[in-house]
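Asks: Protein chains in written order, with this note's numbering: chain A, 1 to 335; chain B, 1001 to 1249; chain C, 2001 to 2288.
Backbone N, C-alpha and C fix where the C-beta goes; we use that ideal spot for every residue, glycine too.
Fair warning: this is a prediction, and the values are worked out from it, not measured in the lab.
One structure follows; several queries about it will come next.
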Amino acid sequence: MTAIEEPGSAGRRAATSRTPGAAVHLLLTVLIWILLATMPLWIDRVGGYTNLATRVLVTGLAATGLNFLLGFTGVLSFGHAAYFGLGAYGVGLTIRYLVPSTLLGILVGVGVGTLAAVVIGFLIRKLRGVYFAMVTIAFGQVFYFIVYRWNAVTGGDDGLSGWRRQPLDLGFARIDILGDQTAFYYFVLVWFALATAAMWLLLRSPFGHTLIAIRENERRARFLGIPVEQHIWFSFVVSAFFASLAGTLYALLNNFADPHSLRWDKSGEFVIMAVLGGMRSFWGPLLGAAIFVVLQDYASSRTENWMSLIGILFVLVVLFFPRGVLGILGRRALT
Amino acid sequence: MTALRIENLSRRFGDLVAVDNVSLRVEQGELRAVIGPNGAGKTTFFNLVSGLVSPSAGRILFEDKDITGLAAERRVAIGLARTFQITEIFPELTVRENLRIAVEVAGGHRLLPWLSGAGAREVESRITELLATAGLAGKADGVVGELSHGDQRATEILMALALRPRLLLLDEPTAGMGDQETHDVAQLIRRLHRNQALTIVLIEHDMRVVFHLADRITVLAEGSVLAEGAPDAIAANEAVQAAYLGKAA
Amino acid sequence: MTQLIFNLFNGVIIGAFYALMALGLSLILNLSGVINFAHGGFLALGAYLAYSLMPHIGFWGALVAAPLLTGLLGIAIEWLLIRRTYGRDPLYSLLLTFGLAFIFEDVSRYIWGAQSVPYQIPALLSRPLSLSYFFITGYRVFMVALVALAVAALYLLLTRTRIGIRIRAGTHDLATVATLGVNVRLLRSVNFGLGVYLAGLAGVLAAGQLGLQPTIGTSLIMPSFVAIIVGGLGSLPGTLLGGILIGVASGITSVYFASATEAVIYVMMALVLLVRPRGLLGEEGRLQ
Chain A
1 MTAIEEPGSA GRRAATSRTP GAAVHLLLTV LIWILLATMP LWIDRVGGYT NLATRVLVTG
61 LAATGLNFLL GFTGVLSFGH AAYFGLGAYG VGLTIRYLVP STLLGILVGV GVGTLAAVVI
121 GFLIRKLRGV YFAMVTIAFG QVFYFIVYRW NAVTGGDDGL SGWRRQPLDL GFARIDILGD
181 QTAFYYFVLV WFALATAAMW LLLRSPFGHT LIAIRENERR ARFLGIPVEQ HIWFSFVVSA
241 FFASLAGTLY ALLNNFADPH SLRWDKSGEF VIMAVLGGMR SFWGPLLGAA IFVVLQDYAS
301 SRTENWMSLI GILFVLVVLF FPRGVLGILG RRALT
Chain B
1001 MTALRIENLS RRFGDLVAVD NVSLRVEQGE LRAVIGPNGA GKTTFFNLVS GLVSPSAGRI
1061 LFEDKDITGL AAERRVAIGL ARTFQITEIF PELTVRENLR IAVEVAGGHR LLPWLSGAGA
1121 REVESRITEL LATAGLAGKA DGVVGELSHG DQRATEILMA LALRPRLLLL DEPTAGMGDQ
1181 ETHDVAQLIR RLHRNQALTI VLIEHDMRVV FHLADRITVL AEGSVLAEGA PDAIAANEAV
1241 QAAYLGKAA
Chain C
2001 MTQLIFNLFN GVIIGAFYAL MALGLSLILN LSGVINFAHG GFLALGAYLA YSLMPHIGFW
2061 GALVAAPLLT GLLGIAIEWL LIRRTYGRDP LYSLLLTFGL AFIFEDVSRY IWGAQSVPYQ
2121 IPALLSRPLS LSYFFITGYR VFMVALVALA VAALYLLLTR TRIGIRIRAG THDLATVATL
2181 GVNVRLLRSV NFGLGVYLAG LAGVLAAGQL GLQPTIGTSL IMPSFVAIIV GGLGSLPGTL
2241 LGGILIGVAS GITSVYFASA TEAVIYVMMA LVLLVRPRGL LGEEGRLQ
C-alpha cells in the first residue's frame, strides 16, 4: 500500500519461488512429448507392449479431460465414466450398425457423450462440493443401466463386440490402423496432441481464467460478474467432450465396448489418476494414468485380488500423497 | 439521478429480523457511510443490495432501475461492485493475475477461448493503470495470499474498480488494520471518490475514517435506520450517541 | 391388478431398504460432510457376518449381533482412516471410501466366494400370510415392520437422548457445538458407527430378500444417493421419504415398462433437480 514502488519481501519470495516451477514445467512438457513420440520404439524393451502404450495415452486423455473440471475449475465430478463409456458405445454402435467408418464413429461417439453432458451439466450446475459429486456418481449409473438392459442392441453385460476399427482412407493415402498397432498408436497420439493442445490453450484464455477464478474463490468470481453456474456448465461439457473422445479411442483400441467402461468404479479410477499424478498440474493426470495403467496391467496378470490393490492405492494416495507426483512442483502461473 | 434507492427493505432469518423496513437514498457521486453497533444488520444490508441474499420484502433500485430480483452477477454487470469484510480475492494467484481476471471479465471477454493481440494489449494497459492507482506496481508479481493485509485489501478494491462500477460497496475496508494501513486505505478511497467521482457506500467501524471520508452517514441499529445526516449532525445526535457511540467507547 | 399391488408392495419393501441405507449415509454426510461410498461394502459385510453367525446363534441372534459388529467395525475404520479426511477437500474422503468399497467387495469375494451363498431365513417368516395375495410373505411384512421400528428408534434417539440431540445440533452448526465443550471427535465416531449400524441392519434384511453375493452393496448404494438427493439435502425425513418414493416408483415402473426399472429413479432425480435443486424437503442454503 505504500507509494514507494518496491517489491515487498513477500512479493520477491513468491516471484523467485515461481520461476523454477515454470522452467521445470517447460522441461517436463518437452520430455513428455519426446517420450510419447518415441514410445512404440522402446516400450517392448522395458517389458511393455504397444497396446499398453496406447492404453496409457487414451486413459491419460480421459484423466486430463476430467481434470479440466476437477483440477482447473475445482468441481468434483465422480461420474466421468459415463461420457467415456458413451463415447465407446457411440463408436461401436456406429461401426457395427450404421457405417463402417472410424472417423464417423468417433464423431458420433463424441457427439453422444457431449450431448449427455450438456443435459446433465445443466441439471447439476447449481450443486457444489459433495452434493455435486454424489449426483454425478448417480447420473453416471443411468447409462450403465441402459446399456446393461438394452441387451439386444448393446450386448448387455457381455459388451458390444462383432465390429472392428476401420483402416483410414485419406483419399491420397490409406493407413492401416487396424492391422498395424504402431500405426494405431500414432493415430491416437494425433488425437491426444490435438485434445491436449486445445485444453492447454483454453486454460490460458479468458474463459480458462474464469474457471481458475471459480476454483480459487467462487464468491469473488461471482462478484466479478461471472455467471458461475453457466461457466461450470460449460467447463463440465468441455471436460466430458474430451472424456468421450478418449472413450471412443478406448473402444477402437479394443475393438470392443465394455459396459464396465461406464460404471462407477471407472469414474473413481479417473479421479484417482488425476490426484495421483497431481491435479493442479496439466500433465499430472497423464502421469497418474501411466502409473495406474501399468500397475493395473502388472497386478491383474499376477493376482485375482487386484481390486483390493487398487483400493489400497486409493487409501494410500489419500493418506500420504494427496498432492500427487507433480504436486511438488508448486503453483503454476495463470497464463 | 439517484444512484441507489432502497424502499422498505426487510430480511428475516427465522425469528430474527436482520434488516427491518429500511429506506434510504444515495445520490450520484456521494460517499455514504453506514455505521451501527455489531448486529445492527449492516452486512445483511450490503448482502441484500449486492444480491448475495434475497430480501423478505421491499425494493432495491439502482439508477432508478428495479434490481430486487436480479442475480448478483447481473448486478455486477450493470455497474454495482463490492468488497467483503473478510477479503475475497484469489489468494494463490499474483496481484497481476487477480486483476487480469477482473479486467478480462469487465472487458466482456469471459467466454472467449482466445484473446486477440489488441485485446491482450488493452488488458495489460488497464492492469498497469489499476496497479498505479494504488501504488501496487512493485508488488504486482507477488502472490496475494503472502502480501500484507492492507495490500490484499487494496487488491480487492482494485478488482472491484477494474469492473468500472458506478456504485462501489465497501464492507469494513479497514477492518483489522494498523494505523498506517488504515490511513493508506482511507486515502485510496478518498482518491477514488474525488478523482473518479465514484459513488461509494461503505460500512465502517473506525470513526476517524467515517468522519474523514463520509458526505453523509446512515446509522443502523437493530435492523432499522436510527438516524441519517451530515457527519456533524450525526456526531451531535443524542439517540446515536446513546445507541452507538456510547456502546462503542 | 394383483400384479400392480404386488409391485407396489415390492416397491415399498425396496424403498424401505433404500431408506434405511440412505438414512445411515445421510447421518454421516450431514454431520461429517463425508459421502461414505463404502456404505454398500458395510451393508454387504453385515449380511455376510449374519450368514456366518447364523449356524451358531440362529437368525435372531445374527439379526442382533451382525449389525452391531458392523457398526463397531465402522467406528474402528472411522478412527483409523476416515477421521484423517475431516476438514480437507471432500475429494479425499470420497476417494478414501471409494478405495474401501473396492477392498470390501474384493475381500467379501475372497472369503465368501463370488457366487450367491444360501442365506436361510426362519421358516416362520417365509410362509405367505394371505392366500389370495400369496406374495405377502411373513418375511416381507417383517422387513417393513423392522425398518419402521428402526426409523422410530432412530427418531427417538435423535430427539430424546443427549447424544442424539448433540448429533442434530452438530449437523446445523458444528463449530458452536464444539465451543460448548462437546467432544466433536467422539460425536463423529459414534455417529459414523450409528450410520454403519443401519447399513449392517439393512444388509441382514436385504440378503433374505435379494439373495447374498459380493455386489449386493454396490447395487443398493446408487439408489440411496438418489434417495438423498430427491428427499432433500440435510433432511433425514426427506431421506426417508425419498427412499420410499423411489422404491415405489421403480416398483410401479417394473409393471408397465420393465426395462426402465432402474432408470426411472434417475429420471425422478433429474426432475427434482430441475424444479427444486435442494430436494423435496431440503434445507435452504445447503447447496452453498
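Evaluate GLN1180/B with the Cβ neighbour count: other Cβ atoms within 10 Å of its Cβ, from every protein chain shown; 16 or more gives buried, anything less gives exposed.
Replies: Counting Cβ neighbours within 10 Å, GLN1180/B comes out exposed, since fewer than 16 surround it.
Asks: Would you decide whether ARG1208/B is buried or exposed? Buried here means 16 or more other CB atoms lie within 10 Å of its CB.
Replies: When all chains shown are included, ARG1208/B counts as exposed.
Asks: Given that VAL1076/B touches chain A, what residues does it touch there, using C-beta distances under 7 Å?
Replies: Those within 7 Å of VAL1076/B in chain A are PHE223, LEU224, GLY225.
Asks: Could you check where the alpha helix (DSSP H) with ILE1006/B kicks off and where it finishes?
Replies: No alpha helix (DSSP H) holds ILE1006/B; the beta strand (DSSP E) holding it covers 1002 to 1013.
Asks: Could you check where the alpha helix (DSSP H) with PHE2098/C kicks off and where it finishes?
Replies: Element bounds for PHE2098/C: 2090 to 2112.
Asks: Comparing C-alpha positions only, which one of SER2093/C, SER2189/C, TYR2051/C sits nearest to VAL2064/C?
Replies: Checked all of SER2093/C, SER2189/C, TYR2051/C; the closest Cα to VAL2064/C is TYR2051/C.
Asks: So GLU2078/C contacts chain A; which residues on that side make the cut at Cβ distance below 9 Å?
Replies: Neighbours of GLU2078/C on chain A: none; closest Cβ ~14 Å, over 9 Å.
Asks: Between the C-alpha atoms of PHE1090/B and PHE139/A, what's the straight-line distance to the nearest angstrom?
Replies: Between PHE1090/B and PHE139/A, the C-alpha separation is close to 32 Å.
Asks: For SER2259/C, decide whether its Cβ has a neighbour in chain A, counting only Cβ atoms nearer than 9 Å.
Replies: With 9 Å as the cut-off, SER2259/C counts as an interface residue toward chain A.
Asks: From the DSSP output, in three-state form, read off LEU2146/C for me.
Replies: DSSP places LEU2146/C in helix when its eight states are reduced to three.
Asks: With a threshold of 6 Å on Cβ separation, who are the neighbours of ILE1200/B within its own chain once the five nearest residues in sequence on each side are excluded?
Replies: Result list for ILE1200/B: LEU1031, LEU1168, HIS1193, in chain order.
Asks: Residues of chain C with CB closer than 7 Å to the CB of ILE232/A, please, in chain order.
Replies: Those within 7 Å of ILE232/A in chain C number zero; the least Cβ separation is about 13 Å.
Asks: Touch check for the stretch 291 to 303 of chain A and the stretch 113 to 121 of chain A: three-plus C-beta pairs under 8 Å?
Replies: No: the two stretches stay apart, fewer than three of their Cβ pairs being nearer than 8 Å.
Asks: Excluding five sequence neighbours on each side, which residues of the same chain lie with their C-beta closer than 6 Å to the C-beta of PHE2192/C?
Replies: Taken in chain order, the residues that qualify are ILE2028, GLY2074, GLU2078.
Asks: Span of the alpha helix (DSSP H) holding VAL1076/B?
Replies: 1072 to 1077 is the span of the alpha helix (DSSP H), which, as asked, contains VAL1076/B.
Asks: Please classify TYR250/A as buried or exposed, where buried requires at least 16 neighbouring CB atoms within 10 angstroms.
Replies: So TYR250/A ends up on the buried side.
Asks: Kindly indicate which three-state DSSP category PRO2223/C falls into: helix, strand or coil?
Replies: If DSSP states are grouped into helix, strand and coil, PRO2223/C belongs with the helices.
Asks: Determine the extent of the beta strand (DSSP E) in which GLY1223/B is found, giving its start and end residues.
Replies: Careful: GLY1223/B lies outside any beta strand (DSSP E) and carries neither H nor E.
Asks: Between PHE1090/B and chain A, is there a C-beta pair that is closer than 9 Å?
Replies: So, interface residue.
Asks: GLY1051/B to SER1224/B, Cα distance in whole Å?
Replies: Cα to Cα, the separation comes out at about 19 Å.
Asks: Buried or exposed: ILE310/A, going by 16 or more other Cβ atoms within 10 Å of its Cβ?
Replies: So ILE310/A counts as buried.
Asks: Hey, is the stretch 281 to 289 of chain A in contact with the stretch 84 to 104 of chain A, meaning 3+ C-beta pairs nearer than 8 Å?
Replies: The stretch 281 to 289 of chain A vs the stretch 84 to 104 of chain A: no contact.
Asks: Please compile the residues from chain A whose C-beta is within a distance smaller than 7 Å of the C-beta of ARG1082/B.
Replies: The contacting residues are PHE223.
Asks: Would you call the CB atoms of GLY2170/C and ASN2036/C closer than 9 Å?
Replies: It is not a contact, given that the beta carbons lie outside the stated cut-off.
Asks: If you measure between the beta carbons of THR1068/B and ARG1074/B, is that distance less than 9 Å?
Replies: No, Cβ-Cβ distance for THR1068/B and ARG1074/B is not below 9 Å.
Asks: Since GLY2193/C is in the alpha helix (DSSP H), which residue starts that stretch and which ends it?
Replies: Looking at the DSSP string, the run of the alpha helix (DSSP H) that includes GLY2193/C is 2184 to 2210.
Asks: Could you tell me which of ARG45/A, GLY65/A, PRO259/A, ASN254/A sits nearest to TYR144/A, measuring between CA atoms?
Replies: Cα-wise, what sits closest to TYR144/A is PRO259/A.
Asks: Determine the contact status of ALA1197/B and GLY1014/B, defining contact as a CB-CB distance below 9 Å.
Replies: No. Outside cutoff.
Asks: For the stretch 2267 to 2282 of chain C and the stretch 118 to 132 of chain A, state whether three or more C-beta atom pairs, one from each stretch, are separated by less than 8 Å.
Replies: Counting Cβ pairs under 8 Å, three or more are found: they touch.
Asks: Taking Cβ-Cβ distances below 8 Å as the criterion, which residues of the stretch 134 to 147 of chain A are in contact with chain F?
Replies: In summary, chain F is missing from the structure at hand, where the protein chains are A, B and C.
Asks: Is it the case that the Cβ atoms of VAL1144/B and GLU1092/B are separated by a distance below 9 Å?
Replies: A contact, by the Cβ cut-off of 9 Å.
Asks: Is DSSP giving ARG1082/B helix, strand or coil here?
Replies: Here ARG1082/B sits in strand by DSSP.
Asks: In angstroms with no decimal places, state the Cα-to-Cα distance between PHE1335/B and VAL1019/B.
Replies: With chain B represented from 1001 up to 1249, any question about residue 1335/B goes unanswered, as that position is not in the structure.
Asks: Please go through the same chain and pick out, in chain order, the residues whose beta-carbon is closer than 8 Å to the beta-carbon of LEU2008/C, but skip the five residues on each side of it.
Replies: VAL2248, GLY2251, ILE2252, listed in sequence order.
Asks: Should the stretch 216 to 226 of chain A be regarded as contacting the stretch 188 to 204 of chain A, the criterion being three or more beta carbon pairs within less than 8 Å?
Replies: With a cut-off of 8 Å, the stretch 188 to 204 of chain A and the stretch 216 to 226 of chain A do not count as touching, because too few Cβ pairs lie within range.
Asks: Looking at THR1002/B and VAL1026/B, is the spacing between their C-beta atoms short of 9 Å?
Replies: Yes, the Cβ-Cβ distance between VAL1026/B and THR1002/B is below 9 Å.
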